[in-house]
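Notes to accompany the following structure.
Protein chains in written order, with my numbering: chain V, 490 to 755; chain S, -17 to 57.
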């Protein structure tokens, strides 16, 4: 029999009832280990919904503390959490939603020195970061480790999401190298509609859950573009680029690179 | 045939527990479900049929309980 407690059967009954999930699928979610990179606008809904869905182990990595300017969109944190480490604030909310989730927290800055070790403990990575240095580092580390990477990003009123994995393209297939620092808006210039990361983060959580369950059609090879002002979704096919510096025929990026941190959300 | 006693359970948990038991049994074995929740007789039968399982029989067995026999669909 499945090793569900009575409480778990009731908690996850609306999942178990679905023919595509059932007890078998819910067991997969319970055994799954998901790493959330960033507990900001994207990471907030990702962590909340994955916890509610019954993901067995959630890793949370973020070195930042909650600031009042975060609360317009980072819904896992509350006013009383201002000044606390984001991973601690998030862990408390996750445990309140679902005490059955094991939560591991990492507060060191993510870099080429620790990313491999952190990622190694997880089945899937969700990129909810807000800067290019981390985005490229996570993309490259996931490629080297052969782990799927659920990408999401937000900027002003527009968001993007995709799934990068061994069989499909990676982030560098779209953008081979980071843009020069001067070409991206500074933190002060880069506003974002508060609900936007909610939508994109929930799409990332959906992709992670589908991947774990092995159901549906993933965003692999597809870039989903969302425009909140127009309230429209668009889709662009992304092909695996033979000239990709990471996953192409002539790999030039052979090691993890610590790009200089600079602002830029897209 | 395996018997699942879900007396005391109400919808939707009657179906949830039946479904979990069906997932667990082998091949096209049959499962006997005992319930004291009358609406479950129809609801569990219908939900199981919708998932492709066969309702072999369903009957009242005493003053309080019903018995539903379900054959698991071959996956």
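Beta carbons are placed, not taken as given, at the ideal position from N, Cα and C, and that holds for glycine.
Since we're looking at a predicted model, the values are computed, not measured.
Start and end residues, beta strand (DSSP E) containing residue i
{"i": "residue 16 (chain S)", "result": "12 to 17"}
{"i": "residue 715 (chain V)", "result": "711 to 716"}
{"i": "residue 593 (chain V)", "result": "591 to 595"}
{"i": "residue -16 (chain S)", "result": "-16 to -13"}
{"i": "residue 569 (chain V)", "result": "Looking at the DSSP string, residue 569 (chain V) is not in any beta strand (DSSP E), and its letter there is neither H nor E."}
{"i": "residue 655 (chain V)", "result": "Here residue 655 (chain V) belongs to no beta strand (DSSP E), and DSSP marks it neither H nor E."}
Residue i at chain A interface by Cβ criterion, 8 Å
{"i": "residue 21 (chain S)", "result": "No chain A is part of this structure, whose protein chains are labelled V and S."}
Beta-carbon separation (whole angstroms), residue i vs residue j, contact threshold 8 Å
{"i": "residue 709 (chain V)", "j": "residue 635 (chain V)", "result": "About 14 Å separates the two Cβ atoms, so there is no contact after all."}
{"i": "residue 689 (chain V)", "j": "residue 639 (chain V)", "result": "That pair is no contact at about 10 Å."}
{"i": "residue 548 (chain V)", "j": "residue 519 (chain V)", "result": "Incorrect: roughly 16 Å between the Cβ atoms, too far for contact."}
{"i": "residue 541 (chain V)", "j": "residue 586 (chain V)", "result": "5 Å"}
{"i": "residue 735 (chain V)", "j": "residue 724 (chain V)", "result": "In fact, because the Cβ distance is near 23 Å, the residues do not count as touching under 8 Å."}
{"i": "residue -15 (chain S)", "j": "residue 14 (chain S)", "result": "5 Å"}
{"i": "residue -9 (chain S)", "j": "residue -1 (chain S)", "result": "6 Å"}
{"i": "residue 579 (chain V)", "j": "residue 605 (chain V)", "result": "Actually they do not touch by this definition, with Cβ atoms about 23 Å apart."}
{"i": "residue 530 (chain V)", "j": "residue 562 (chain V)", "result": "4 Å"}
{"i": "residue 652 (chain V)", "j": "residue 637 (chain V)", "result": "6 Å"}
{"i": "residue 505 (chain V)", "j": "residue 56 (chain S)", "result": "Not confirmed; about 21 Å, so no contact."}
Under the three-state DSSP convention, the category residue i falls into
{"i": "residue 755 (chain V)", "result": "Below a pLDDT of 50, predicted positions are generally treated as unreliable, and residue 755 (chain V), at 44, falls in that range; no measurement from the model is reported."}
{"i": "residue 524 (chain V)", "result": "strand"}
{"i": "residue -4 (chain S)", "result": "helix"}
{"i": "residue 532 (chain V)", "result": "helix"}
{"i": "residue 695 (chain V)", "result": "helix"}
{"i": "residue 44 (chain S)", "result": "coil"}
{"i": "residue 632 (chain V)", "result": "helix"}
{"i": "residue 616 (chain V)", "result": "strand"}
{"i": "residue 648 (chain V)", "result": "strand"}
{"i": "residue 690 (chain V)", "result": "helix"}
{"i": "residue 52 (chain S)", "result": "strand"}
{"i": "residue 625 (chain V)", "result": "helix"}
{"i": "residue 548 (chain V)", "result": "strand"}
{"i": "residue 638 (chain V)", "result": "strand"}
{"i": "residue 731 (chain V)", "result": "coil"}
{"i": "residue 723 (chain V)", "result": "strand"}
{"i": "residue 36 (chain S)", "result": "strand"}
{"i": "residue 497 (chain V)", "result": "helix"}
{"i": "residue 8 (chain S)", "result": "coil"}
{"i": "residue 743 (chain V)", "result": "coil"}
{"i": "residue 445 (chain V)", "result": "Since the displayed chain V opens at 490 and closes at 755, residue 445 (chain V) lies outside it and no answer follows."}
Check whether residue i and residue j have beta carbons under 8 Å apart
{"i": "residue 599 (chain V)", "j": "residue 526 (chain V)", "result": "yes"}
{"i": "residue 654 (chain V)", "j": "residue 729 (chain V)", "result": "no"}
{"i": "residue 691 (chain V)", "j": "residue 534 (chain V)", "result": "yes"}
{"i": "residue -6 (chain S)", "j": "residue 502 (chain V)", "result": "yes"}
{"i": "residue 595 (chain V)", "j": "residue 628 (chain V)", "result": "no"}
{"i": "residue 591 (chain V)", "j": "residue 546 (chain V)", "result": "yes"}
{"i": "residue 52 (chain S)", "j": "residue 30 (chain S)", "result": "yes"}
{"i": "residue 647 (chain V)", "j": "residue 589 (chain V)", "result": "no"}
{"i": "residue 727 (chain V)", "j": "residue 711 (chain V)", "result": "yes"}
{"i": "residue -3 (chain S)", "j": "residue 26 (chain S)", "result": "yes"}
{"i": "residue 553 (chain V)", "j": "residue 575 (chain V)", "result": "yes"}
{"i": "residue 701 (chain V)", "j": "residue 521 (chain V)", "result": "yes"}
{"i": "residue 615 (chain V)", "j": "residue 515 (chain V)", "result": "no"}
{"i": "residue 681 (chain V)", "j": "residue 624 (chain V)", "result": "no"}
{"i": "residue 48 (chain S)", "j": "residue 42 (chain S)", "result": "yes"}
Neighbour list for residue i in chain S, Cβ cutoff strictly below 8 Å
{"i": "residue 491 (chain V)", "result": "2, 5 and 6"}
{"i": "residue 511 (chain V)", "result": "1, 2 and 5"}
{"i": "residue 502 (chain V)", "result": "-6, -5 and -2"}
Residue i: CB within 7 Å of a non-hydrogen atom of the ligand PLP
{"i": "residue 729 (chain V)", "result": "Within the structure as shown, the ligand PLP is missing, as the structure has no ligands at all."}
Proximal residues of chain V, C-beta to C-beta of residue i below 8 Å
{"i": "residue -1 (chain S)", "result": "498"}
{"i": "residue 33 (chain S)", "result": "508"}
9 Å Cβ cut-off: residues of chain S touching residue i
{"i": "residue 533 (chain V)", "result": "Per Cβ cutoff of 9 Å: no residues; residue 533 (chain V) is ~30 Å from chain S at best."}
Residue interval of the alpha helix (DSSP H) (run including residue i)
{"i": "residue 578 (chain V)", "result": "575 to 586"}
{"i": "residue 606 (chain V)", "result": "604 to 609"}
{"i": "residue 25 (chain S)", "result": "20 to 32"}
{"i": "residue 666 (chain V)", "result": "Counting along the chain, residue 666 (chain V) falls outside any alpha helix (DSSP H), and DSSP gives it neither H nor E."}
{"i": "residue 601 (chain V)", "result": "Careful: residue 601 (chain V) lies outside any alpha helix (DSSP H) and carries neither H nor E."}
{"i": "residue 502 (chain V)", "result": "502 to 505"}
Residue i: contacting residues in chain V (beta-carbon distance under 7 Å)
{"i": "residue 36 (chain S)", "result": "Within chain V, no residue comes near residue 36 (chain S); the closest Cβ sits about 16 Å away, beyond 7 Å."}
Beta-carbon neighbours of residue i, restricted to chain S and to distances below 7 Å
{"i": "residue 505 (chain V)", "result": "-2, 1 and 2"}
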